[in-house]
Amino acid sequence: MPRPRYARFAIPLPLYRVFEYTVDDPRESAAGTRYRLPFANRTRTGVLLEHCESSEIDPARVKPVLQRLDPEPVLDAHMLSLARWLADYYRQPLGEVVFLCLPSRLRGAQPHVTTRVKCWRLGDMTAEQLETLRRRSPRQFEICNALESRPSGMTAHELKQLNPNWHAAVKALEDKGLLRWQWVDAAPQAPSSGPAPRLSDEQAAILAELEPRLDRFGVHLLDGITGSGKTEIYLRLIRSRLEAGQQVIYLVPEIGLTGQLLERVRQRFGGGFEVSHSGLTDLQRYRAWDRFRRGEAGIMLGTRSSLFSQSERLGLIIVDEEHDPSYRQEDGVRYHARDVAIKRAQMLGIPVVLGSATPSLESLQNCARDTYFRYRLDRRPTRFPPPRLQLLDVRDSRLEFGMSARALALVETHLGRGGQVLVYLNRRGYAPVVMCHDCGWQALCRHCDARLTLHQSLNSLLCHHCGYRQAIPGACPECANREIRQHGVGTERLEQGLAARFAGTPVLRIDRDVAASGEALDRRLQTLRGGTPCILVGTQMIAKGHDYPAITLAVVLEADQALFSASYRASERLVQTLFQVSGRSGRGDREGEAVVQTRFPEHPLMQAVLRRSYREIAADLLRERETYGFPPFARVVMFRADAVELDEALQTLAQIRALLETTAEFGAIDCIGPMPALMTRRISRYRAQLCLIARQYRVLRAVLDEAMPAIAGIPGSARVNWTVDVDAYDL
Ligand code: ADP
Ligand code: ZN
Ligand code: ZN
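For the sequence shown, this note's numbering gives the first residue as 673, with consecutive numbering after it.
Okay, structure coming up:
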């Protein structure tokens, strides 16, 4: 019997350590393979990281593994190094990071079997038989026709792309003996090539510049106004990578409204792509991951976590709308998908292409430092430039369901001319405030420092932070007054108001409540695509990257709050939103308009948006950040704690601060806190924070390198828990 050897394993726990076990035959087990492991009276799944000669703990206490789960590693060496880098840079527990790189289906004990797939080929067929099919069974004929040009055969996946009801037709053909199938190892799909528009001069010039740089690592920022044809450039780059036998990861912030992007990719590349986002089941995501990993599909199109798709031939990563905050993961493992994408590309020596009409200040600063290549697109290939934003001064206006008479008149005009209208309001539900006018009572969440939002469709009050739900009280719980009033406007109320006002015109609401039902969303998108007049109402979901050419008016409501926000990011976010929302308008053959309602038309930021380009405003914002020493001119690390009592949270952070203070470079960083977080109570826990800022990353890193081993030893518990957030988005 072979001598047992030691190996180290990653286990998904919020602990800064790896775990040692013995394995029987180390030759059989490669890094990246999953095992069942005995762990504190139960079993857990772990990923083998490395073999080691000796154990750091008492050899008598090292247990043997229970069972190997995978015939071959599920994570390759590159993914493991990426995980190590991520854990190290973002100071996250390695065990959790390694499991983040796996599709959730493989995070437990589900077996991973590299399945072979059925592949159908044409049998012998006479010309007469074919002719009969053409006349009698067009579906079967279509399939035979497709197989004729694909002697290597087609898989179920490919047949489904051809015809969603392929199964019955294939069965019928099999019964007639006209089709045969056999098991094959999954074969790469030949990307079909649909028609592409002729490139504009701008697009062609950029591609000519970019193409020769694709054989090595580089960060390329497509800084192009809304609708300038960035997506078209991505599609060309994808084609060239596929032709070179490589694979591409294409990240988008949200898949919700990008249905038409999928359509575009399908037209261009046939079935040769996979999609992955949170709307899919674990099994669907696992299959997408597996097909991409095996090279069966050339493109992985998806949200943040698709970045961790494994590939042996990755040739390009695209991050569309790179400024979008949804690339940050804010719970569990904290990381920024754009920044990890850049690291991954660097490790592989491949290019990464970022695109945005409103690039983040971080990326613009990187261009200024010449770390990124920058390409500008200043024109739309379609007829009209993006509309200039106009201000609707509503200081003296009476608002009806959030809209001024002038805004409503504009909506009417555009609908009358046959256009579609988009109304942006970043607040879901019916009304954000429910209160009693006699005693001042407000509906508050019992678990959070937050108001409850009235949701009429649910007939309840709902907390947007913890999901707590309660019935709408019939009378004030404090003074029994029966007249409880609601204030403010959410998307539900806006939808209702507009539907009543513009009877006969479809009003389509799109927010998280609707997106939860894929079917409701699909129906609405269908109407939008149809191009007939309608009103689209929605939250930030409708501000992102979509291309509906019939929209001719964009209206922004309730933007003023951001003018007075305490967050240093607020101005950047507001300007990005305003340019993005207005950029949804006038993308077709009719000129667009865009307006924002405001009570502060004189505010410098509103004036700036009115008169200047995003680039000019961004340059100003960058100067401001430099003056005040905020990112990207400084780096921020945030320690957070949450506990049953506020004191416990503050004490844990004080303990962390004490450890930081012992480091050599502590004097060179700013350390603020511990102090209670802005929303101190959330989901029944009290939250506090400790913020570190330094102009030089080197110093911050030195402090963390020195202090983290000790900090990592502070145990988390159900009573008090802490986390660290490197490059925290906000203070
Ligand atoms: P962006 O990604 O910059 O928002 P898109 O690539 O979506 O821009 O292009 C905006 C619109 O212009 C789309 O409807 C697209 O089909 C069209 N378009 C893009 N490039 C061209 C081109 N070279 N010729 C004609 N139409 C184009
Ligand atoms: Zn009352
Ligand atoms: Zn709550």
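We treat Cβ as the ideally placed atom computed from N, Cα and C, and that holds for glycine.
DSSP beta-bridge partners of TYR1361: The sequence shown places Gln at residue 1361, rather than the Tyr named in the question. As a beta-bridge residue in DSSP terms, GLN1361 pairs with ARG1312 and MET1347.
CB contact flag (VAL1095, ILE1207, <8 Å): yes
Contact the region 1120-1128 vs the region 1146-1155: 3+ CB pairs below 8 Å: no
Best match in GLY890, ILE989 and HIS1137 for proximity to GLN918 [C-alpha to C-alpha]: ILE989
Buried versus exposed, by CB contacts within 10 Å (16 or more), LYS902: With 16 or more other Cβ atoms inside 10 Å of its own Cβ, LYS902 counts as buried.
Proximity of GLY1162 and TYR1102 at Cβ, strictly below 8 Å: Taking 8 Å as the Cβ cut-off, GLY1162 and TYR1102 qualify as a contacting pair.
At least three beta-carbon pairs within less than 8 Å, the region 677-692 to the region 705-720: yes
Same chain, Cβ closer than 7 Å to ARG740, neighbours up to 5 away in sequence not counted: In its chain, beyond the 5 residues on either side, SER701, THR705 and TYR707 have a beta carbon closer than 7 Å to the beta carbon of ARG740.
Closer than 7 Å: HIS1137 CB and nearest ligand 3 heavy atom: yes
Residues bridged to PRO710 (per DSSP): THR715
Exposure of THR898, with buried meaning 16 or more beta-carbon neighbours within 10 Å: A residue is called buried when at least 16 other Cβ atoms come within 10 angstroms of its Cβ; THR898 meets this threshold and is buried.
Nearest residue (CA-CA) to PRO1276, options ARG1256, ALA880 and SER1243: SER1243
3-residue-minimum beta strand (DSSP E) runs that sit fully inside the region 783-844, ordered along the chain: 789-794
Rounded Cβ spacing between ASP923 and ASP992 (contact assumed at less than 8 Å): According to the sequence as given, residue 923 is Leu; it is not Asp. Taking the Cβ atoms as the reference, LEU923 lies roughly 7 Å from ASP992, within the contact range of under 8 Å.
DSSP-derived helix/strand/coil call for THR903: helix
Cβ pair PRO1023, GLY890 closer than 8 Å: yes
Beta-carbon gap between ARG1359 and ASP1319 smaller than 8 Å: no
DSSP state of HIS892 mapped onto helix, strand, coil: strand
Identity of the residue in ALA1081, GLY951 and ALA1152 nearest GLU1191 by Cα: GLY951
Bounding residues of the beta strand (DSSP E) (the contiguous stretch that carries GLY1210): The continuous beta strand (DSSP E) containing GLY1210 extends over residues 1207-1210.
Bridge partner(s) assigned by DSSP for PRO736: THR694
Residue-level contact to chain B via CB, TYR906, 8 Å cutoff: As a matter of chain content, chain B is missing from the structure shown, which is built from one protein chain.
Selected residue, minimal CA-CA separation from PRO1348, among PHE1311, GLU803 and ARG1370: PHE1311
Closest Cα partner of PRO867 within the set LEU907, ASP847, GLU846 and LEU894: Taking only the C-alpha atoms, the option nearest PRO867 is LEU907.
Exposure label - THR1249; buried when at least 16 CB within 10 Å: Buried is the call here.
Residues of its chain near GLN1062, where Cβ-Cβ distance is below 8 Å and the 5 sequence neighbours each way are ignored: GLU1265, ALA1266, VAL1267, VAL1268 and LEU1282.
Boundaries of the alpha helix (DSSP H) in which PRO1276 is found, first to last residue: 1276-1283
CB of LEU1246 within 8 Å of CB of SER1035, strictly: no
Range of the contiguous beta strand (DSSP E) that encloses TYR678: From DSSP, the beta strand (DSSP E) with TYR678 extends over 677-682.
Near ligand 3: TYR1358 beta-carbon under 7 Å from a heavy atom: no
Cβ-heavy atom distance, HIS1119 to ligand 3, below 7 Å: yes
Proximity winner among TYR1140, GLY849 and THR1030, relative to ALA1115 (alpha-carbon distances): TYR1140
Span of the beta strand (DSSP E) around PRO1023: 1023-1028
ASN1038, enclosing alpha helix (DSSP H) - first and last residue: It spans 1033-1040 - the alpha helix (DSSP H) in which ASN1038 sits, taken as one unbroken run.
Inter-residue Cα distance where the pair is PRO1178 and GLN1168: 11 Å
Of the listed residues LEU1130, PRO1304 and LEU914, nearest to ARG1241 (C-alpha basis): The residue with the shortest Cα to Cα distance from ARG1241 is PRO1304.
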